[in-house]
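Residue numbers (the numbering used here): 2 to 210.
All C-beta atoms in this analysis are idealised placements derived from N, C-alpha and C, irrespective of residue type, glycine included.
Have a look at the structure below, then the notes.
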């Protein structure tokens, strides 16, 4: 989904802060959220793409002003309410206004359930272009590489397509690749010279250049 969460390649957010000896959890509630969230996802039969999509559906202002585990809490609560496992009223007995993610913009019928592909179409050294495709649901292709040309440098495993898992709870397999891009191809004059960027991409996102 094209949303505020897709920050890759964007500028203006300041440097990445690296905390020396960073603890696993900064606060007790974060560890509790991790444990409860994992248990709730298992109990509801929710897969990782569904969970990610629930985070992507957060209101942009809420997403940008909340922490990592607040994203978890919002996504898990949203999925449980949507599945009817808990009610919004039950949440609001604990918190006056518990924020949930927005409804999904697409349904199962909007996702192509094409058959699995077991054999890679591309080989190492092939020049490929990333399809400039946009989807209102869950997608794992970052915006900054769409329409850009790169070279396949690694053949990755065949894995389930995230769009199908997120919206149909089904598994359709797709080969994946490591693709190398020249930084100048992505950011033209703003790129550092002699710099490359490697991105893992599903075959469905690629076409011959």
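Contact between the region 198-206 and the region 131-143 is present, with at least three C-beta pairs closer than 8 Å. The secondary-structure analysis by DSSP pairs residue 177 across a beta bridge with 157, 203.
When DSSP states are grouped into helix, strand and coil, residue 116 belongs to the coil group. Rounded to the nearest whole angstrom, the CA to CA distance from residue 122 to residue 204 is 8 Å.
In the structure shown, residue 20 falls within a coil segment according to DSSP collapsed to helix, strand and coil. Around the beta carbon of residue 55, a 10 Å sphere encloses 16 or more other beta carbons of the protein chains shown; the residue is thus reported as buried.
Pairing residue 41 with residue 53, the inter-Cα distance amounts to about 14 Å.
According to the DSSP secondary-structure assignment, residue 146 is paired through a beta bridge with no residue. Distance check between residue 85 and each of 66, 71, 46, 72 places 46 closest, using alpha-carbon atoms only. Excluding its 5 nearest sequence neighbours in each direction, residue 5 has C-beta neighbours in its own chain below 7 Å: 61, 64, 65, listed in chain order. DSSP places residue 89 within a helical segment (H, G or I) once states are collapsed to three. By the beta-carbon neighbour count (other beta carbons within 10 angstroms, threshold 16), residue 26 is exposed.
Closest option to residue 172, judged by alpha-carbon separation, among 130, 178, 112, 210: 112. In chain order, 87, 92, 99, 101 place their CB closer than 8 Å to the CB of residue 78, counting only its own chain and leaving out the 5 sequence neighbours on each side. Boundaries for residue 131: no alpha helix (DSSP H) harbours it, while the beta strand (DSSP E) harbouring it runs 128-131, taken from the DSSP string. Ranking 169, 153, 81, 163 by CA distance to the CA of residue 39 puts 81 first. Between residue 105 and the set 83, 152, 135, the nearest pair of CA atoms involves 83.
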